[in-house]
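Residue numbering for the sequence shown follows this note's numbering, beginning at 73 and increasing consecutively.
In this text, a Cβ means the ideal position worked out from N, Cα and C, and glycines have one as well.
First the structure, in the form of structure tokens, and then the observations on it.
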Amino acid sequence: MVLIRTFLKIVEWIIASNFFLGARSRGLLNPKQCGSLPWLSTCDESLTLFNDMRTLQTLQHKVSSLFLDFKAGFDNVDITTLAHILRESGTPPSLVPWFSSFLRDRSCTLVFQGAKGTPAPVNVGATQGSPISPLLFLLDVAPVHFRIPWGQMISYLDDFALTVASLSY
Numbered sequence: 073m074v075l076i077r078t079f080l081k082i083v084e085w086i087i088a089s090n091f092f093l094g095a096r097s098r099g100l101l102n103p104k105q106c107g108s109l110p111w112l113s114t115c116d117e118s119l120t121l122f123n124d125m126r127t128l129q130t131l132q133h134k135v136s137s138l139f140l141d142f143k144a145g146f147d148n149v150d151i152t153t154l155a156h157i158l159r160e161s162g163t164p165p166s167l168v169p170w171f172s173s174f175l176r177d178r179s180c181t182l183v184f185q186g187a188k189g190t191p192a193p194v195n196v197g198a199t200q201g202s203p204i205s206p207l208l209f210l211l212d213v214a215p216v217h218f219r220i221p222w223g224q225m226i227s228y229l230d231d232f233a234l235t236v237a238s239l240s241y
């Protein structure tokens, strides 16, 4: 059983790595979105925010940032919305059902003091600890990114920074 789980994690990692490249090239992921993605780190995100703030301040603008956190973001990935985003983006038709099945027909069993409870169905959310879950979450929240005149929105997984600039606070 342990080997099967390990093998499945490897398969998920391979699919996530390959799908990331296609998702980025088809515009499914915002360029200012990072976290759990190849080639983008916390340092990249921090430097982007710092550089953009400094650039706006050089123009004598006052800069303000609002930081947001999607509470339980992975737990709220919606299968229907995600499947629609994937179909509309031109994702290979064979992959859409795979992603959907990855998020369906799951159950959760709670264990208290060694006693197992009854398995309960889980109909929403992405599995914590799976190599593909962060990518599915990022695809689900990608439409949240929008263009802001005199500002920007950047994110690191479920944490967003909304930065704006104007001549006054």
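Give me the Cα-Cα distance between residue i and residue j, rounded to the nearest whole angstrom.
i: VAL194; j: ILE151; result: 12 Å
i: VAL168; j: GLN132; result: 48 Å
i: GLY145; j: GLN224; result: 21 Å
i: ASP231; j: SER118; result: 12 Å
i: GLY107; j: ASP141; result: 14 Å
i: ARG98; j: SER161; result: 7 Å
i: TYR241; j: THR120; result: 21 Å
i: LEU112; j: PRO103; result: 10 Å
i: ARG176; j: LEU158; result: 16 Å
i: SER166; j: LYS134; result: 49 Å
i: ASP116; j: PHE174; result: 30 Å
i: LEU239; j: PRO221; result: 13 Å
i: ARG77; j: ARG219; result: 41 Å
i: HIS156; j: ILE82; result: 26 Å
Please list, in chain order, all residues of the same chain as residue i whose beta carbon is under 7 Å from its beta carbon, the five residues on each side excluded.
i: GLN105; result: LEU210, ALA214, HIS217, SER227
i: ILE87; result: ILE204
i: LEU80; result: none
i: SER202; result: GLU84
With distance defined between alpha-carbon atoms, name the residue in the options nearest to residue i.
i: PRO84; options: ILE220, GLN224, ILE204, TYR241; result: The question names Pro, yet the displayed sequence has Glu at residue 84. Cα-wise, what sits closest to GLU84 is ILE204.
i: THR190; options: ALA198, CYS180, ILE87, ASN123; result: CYS180
i: LEU154; options: ARG219, TYR241, VAL196; result: VAL196
i: THR163; options: LEU100, LEU239, ILE76; result: LEU100
i: PHE122; options: ALA233, ILE86, GLY94; result: ALA233
i: ALA192; options: VAL74, ARG178, GLN185; result: ARG178
i: ASP212; options: ARG219, THR114, ASP147; result: ASP147
Identify whether residue i lies in helix, strand or coil by the three-state DSSP scheme.
i: LYS188; result: strand
i: SER113; result: coil
i: ALA233; result: strand
i: GLN129; result: helix
i: ARG98; result: coil
i: VAL196; result: coil
i: VAL149; result: coil
i: ASP212; result: helix
i: LYS134; result: strand
Do residue i and residue j have their C-beta atoms within less than 8 Å of each other?
i: THR235; j: MET125; result: yes
i: PHE171; j: LEU208; result: yes
i: PRO110; j: PHE92; result: yes
i: LEU128; j: ALA237; result: yes
For residue i, which residues in the same chain have their Cβ closer than 8 Å to its Cβ, ignoring the five residues on either side in sequence?
i: SER89; result: PRO110
Cβ of residue i versus every heavy atom of the ligand GTP: is any distance shorter than 7 Å?
i: LEU154; result: Looking for the ligand GTP in the displayed structure turns up nothing, as the structure carries no ligands at all.
Here's a check: name, in chain order, each residue in its chain whose Cβ is nearer than 6 Å to the Cβ of residue i, leaving out the five neighbours to either side.
i: LYS188; result: THR181
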